[in-house]
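In what follows, a structure is listed as structure tokens, so that the remarks can point back to it.
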Amino acid sequence: MFRIKFASTDDMKFMEEIAKYFGMPFSCDMNRCICMVAVEEKPFGYICIEVNNNIAKIVGHAVLPDYQMKGYGTMLLKVALNNIYDFGIKKAYIYYSDYDEFYIKNGFKKSNNGLTIDIDELFK
Numbered sequence: 008m009f010r011i012k013f014a015s016t017d018d019m020k021f022m023e024e025i026a027k028y029f030g031m032p033f034s035c036d037m038n039r040c041i042c043m044v045a046v047e048e049k050p051f052g053y054i055c056i057e058v059n060n061n062i063a064k065i066v067g068h069a070v071l072p073d074y075q076m077k078g079y080g081t082m083l084l085k086v087a088l089n090n091i092y093d094f095g096i097k098k099a100y101i102y103y104s105d106y107d108e109f110y111i112k113n114g115f116k117k118s119n120n121g122l123t124i125d126i127d128e129l130f131k
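Per this note's numbering, the very first residue in the sequence shown carries number 8; after that it's consecutive.
Structure below.
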């Protein structure tokens, strides 16, 4: 059975391996980011969100192929957004990527700076 939890320093190496698998830069600083992992026996997906001036920026989000198309990426996204919403953050964004359709399907909208979401609207 899987669970989603806040990432520990021990989880960082798995998160970096997942990012490396996809050829993505890994820039999750646990002192500046809210990081969460989806875990079975070990992490198979992660999301890192950096918050500046009450705006959240998704700086990393990936799920290994064996776990894709099963809702894990969406659950990670929603749990992370719910957590930052609980901290009073009402807006989030991600720069344009190869996965724009995933984020649009999950409530993000195109803007001049990438894809944005009004978290307040998401959890009404």
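Heads up, the beta-carbon is just placed ideally off N, CA and C, and yes, glycines get one too.
Here the structure is a predicted model, which is why all the values come from computation and not from measurement.
Under DSSP, the beta-bridge partners assigned to Ala69 are Tyr53. Rounded to the nearest whole angstrom, the C-alpha separation of Tyr53 and Val44 is 4 Å. With contacts defined by Cβ atoms closer than 8 Å, Ile56 and Cys40 form a contacting pair. In chain order, Ile41, Met43, Ile54, Ile56 place their CB closer than 7 Å to the CB of Ala87, counting only its own chain and leaving out the 5 sequence neighbours on each side.
For Ile96, there is no enclosing alpha helix (DSSP H), as DSSP marks it with neither H nor E. Counted as a single uninterrupted DSSP element, the alpha helix (DSSP H) harbouring Phe109 occupies residues 107 to 112. Here DSSP, grouped into helix, strand and coil, assigns Ala26 to helix. Comparing alpha-carbon positions, the option among Asp93, Gln75, Ile126, Asn119 lying closest to Phe109 turns out to be Gln75. By the neighbour-count definition (other C-beta atoms within 10 Å, threshold 16), Gly80 is a buried residue. Comparing alpha-carbon positions, the option among Lys85, Phe9, Leu129, Met22 lying closest to Cys35 turns out to be Met22.
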